[in-house]
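So the sequence shown is numbered by the working numbering: it starts at 1316 and just counts up by one.
Below is one structure, written out as structure tokens; comments come after it.
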Amino acid sequence: TLGGEGRGYLSFPMRGHTLALDFPAKPGVSELLQKLERITLDHGGRIYLAKDSVMSAESFAAMYPKVDAMRAVHRRFKGKPGTLAQYGDSITITGAFLAHYAFARKIEPKNCPADVKRECEVVQKHADLDLWRKWKGIGNTGMTTNDWLFRGVDGWQKRLNPEAAVIMFGTNDGMPAPQYAENTASALRRILANGTVPILTSPPPKRNSNKEPYRLACLAIANGLKVPLIDFYTEILRRRPDDWDGQLPQFKKYKGYQQPTLMHDAHPSNPSQWVNDFSEEGLNKNGYNLRNYMTIRAYYQVITKAFEAGG
1316 TLGGEGRGYL
1326 SFPMRGHTLA
1336 LDFPAKPGVS
1346 ELLQKLERIT
1356 LDHGGRIYLA
1366 KDSVMSAESF
1376 AAMYPKVDAM
1386 RAVHRRFKGK
1396 PGTLAQYGDS
1406 ITITGAFLAH
1416 YAFARKIEPK
1426 NCPADVKREC
1436 EVVQKHADLD
1446 LWRKWKGIGN
1456 TGMTTNDWLF
1466 RGVDGWQKRL
1476 NPEAAVIMFG
1486 TNDGMPAPQY
1496 AENTASALRR
1506 ILANGTVPIL
1516 TSPPPKRNSN
1526 KEPYRLACLA
1536 IANGLKVPLI
1546 DFYTEILRRR
1556 PDDWDGQLPQ
1566 FKKYKGYQQP
1576 TLMHDAHPSN
1586 PSQWVNDFSE
1596 EGLNKNGYNL
1606 RNYMTIRAYY
1616 QVITKAFEAG
1626 G
């Protein structure tokens, strides 16, 4: 529906909740909405309309103010293009997250759909892949919380001056959600002030620890600051709603991180059979593989829409 004061609102139920989109009521948007038979968000974060047509960049920009906001941020950037920082805990410092693309010097997943392959090619062309390995240990290490992000981000930004930064904390946090949100939002504001586009990632679910409040905090921050969000938490539950936990009895026979589901315990799973495999089976059975997939696809969106690069 079109709302007052030049705003439009679209809402629909999703997994027991209502997903609402708030967008400028620009010319053509009302006609676009009238043609909708259904709308879905895929695991890459793309918006699909009736007949499975992908929304054009123009329509995306009209309905989604984050694009304009991030373009404004990027115009302030004075550093080297293609630089991507990784701020996080042990789920980020690990070589299972992005680093093998640096060693390979290419992004060529197995069983990759054609549209995703094209996105990987754009990311490979734009990104300094070598930094996905060299910047391990700068802004990422094990057993850290978002207090560490709050205290350390100014130094990391000064040292790296990245064009973009992917950020995920929360697995080791036990603080109340309001404090988590305050720390994260403060850090992201400082990142934005530098001209860096942050790509916030919700922490994954964790057995015996409710991470849903942190996921909701990430959603609120992303909407409030108009920054990109990778909803890793929700995607894990969407793909494996009943058996994402690798410590369930049916996975006891698997050693190390070889459980064929999405979480080992506090960390994502990483069974060798589905490393760097972008088939649906691979994305359903290897948690680090899923995070790599979602990060690369989100980074592609940032490169092409916020940076207006990549062709």
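Yeah, the Cβ is synthetic: ideal placement off N, Cα and C, and Gly gets one too.
Identity of the residues DSSP links to P1513 by a beta bridge | Numbered from 1 along the sequence shown, position 198 holds the residue referred to as residue 1513. A1480.
Endpoints, the beta strand (DSSP E) within which Q1401 is located | Mapped onto the sequence shown, residue 1401 falls at position 86. Its beta strand (DSSP E) spans residues L1399 to G1403.
With a cut-off of 8 Å, do at least 3 Cβ pairs link the stretch 1457-1467 to the stretch 1544-1555?
-> Contact fails: fewer than three Cβ-Cβ distances are below 8 Å.
Okay, do the stretch 1515-1527 and the stretch 1478-1490 touch, 3+ Cβ pairs below 8 Å being the bar?
-> As far as the Cβ criterion goes, the stretch 1515-1527 touches the stretch 1478-1490, which means the pair count is three or higher.
By how many angstroms is the C-alpha of M1609 removed from the C-alpha of G1467?
-> What you label residue 1467 is simply residue 152 of the sequence shown in a count that begins at 1. What you label residue 1609 is simply residue 294 of the sequence shown in a count that begins at 1. The alpha-carbon atoms of G1467 and M1609 are separated by roughly 26 Å.
Pick helix, strand or coil for M1609, following the three-state DSSP scheme.
-> Looking up residue 1609 in the sequence shown gives position 294. It is helical.
Could you check how far apart the C-beta atoms of R1391 and G1510 are, in whole angstroms? I think they sit under 8 Å.
-> For the purposes of this step, residue 1391 is taken as the residue at position 76 of the sequence shown. For the purposes of this step, residue 1510 is taken as the residue at position 195 of the sequence shown. About 4 Å; that satisfies the 8 Å criterion.
Simplified DSSP state of Y1614, which is helix, strand or coil = Position 299 of the sequence shown holds residue 1614. Reduced to three states, the DSSP call for Y1614 is helix.
With respect to the alpha helix (DSSP H) encompassing F1465, which residues constitute its N-terminal and C-terminal limits?
-> Start at 1 with the first residue of the sequence shown, and residue 1465 comes out as number 150. In this chain, the alpha helix (DSSP H) harbouring F1465 covers N1461 to L1475.
Which one or two residues does DSSP pair with L1544 in a beta bridge?
-> Locating residue 1544 in the sequence shown gives position 229, counting from the first residue. For L1544, which the question treats as bridged, DSSP gives the partners L1515.
State whether the stretch 1416-1435 contacts the stretch 1489-1507, with contact taken as three or more CB pairs (one from each stretch) at a distance under 8 Å.
-> Fewer than three Cβ pairs drawn from the stretch 1416-1435 and the stretch 1489-1507 lie within less than 8 Å of each other, which leaves the two stretches out of contact.
Tell me where the alpha helix (DSSP H) around V1431 begins and ends.
-> Taking the first residue of the sequence shown as position 1, residue 1431 is located at position 116. First-last of the alpha helix (DSSP H) with V1431: A1429 to H1441.
Rounded to whole angstroms, what's the CA-CA distance from Y1495 to K1440? Just pull it up for me.
-> Numbered from its first residue, the sequence shown carries residue 1495 at position 180. Numbered from its first residue, the sequence shown carries residue 1440 at position 125. Approximately 35 Å, taken between the alpha carbons.
Are three or more beta carbon pairs between the stretch 1616-1626 and the stretch 1598-1608 nearer than 8 Å?
-> Contact fails between the stretch 1616-1626 and the stretch 1598-1608, because fewer than three Cβ pairs, one in each stretch, are under 8 Å apart.
State the Cα-Cα distance for the pair M1490 and D1462, rounded to the nearest angstrom.
-> Along the sequence shown, one-based indexing puts residue 1490 at 175. Along the sequence shown, one-based indexing puts residue 1462 at 147. Roughly 10 Å between the two C-alpha positions.
To the nearest angstrom, how far is it from the Cα of E1373 to the Cα of K1568?
-> Here residue 1373 corresponds to residue number 58 of the sequence shown, with the count starting at 1. Here residue 1568 corresponds to residue number 253 of the sequence shown, with the count starting at 1. Note that E1373 has pLDDT 40, beneath the 50 cutoff, so the model's placement of it is unreliable and no number is given.
Rounded separation between V1431 and T1407 - CA only = For the purposes of this step, residue 1431 is identified with residue 116 of the sequence shown, where counting begins at 1. For the purposes of this step, residue 1407 is identified with residue 92 of the sequence shown, where counting begins at 1. Spanning the two alpha carbons is a distance of roughly 22 Å.
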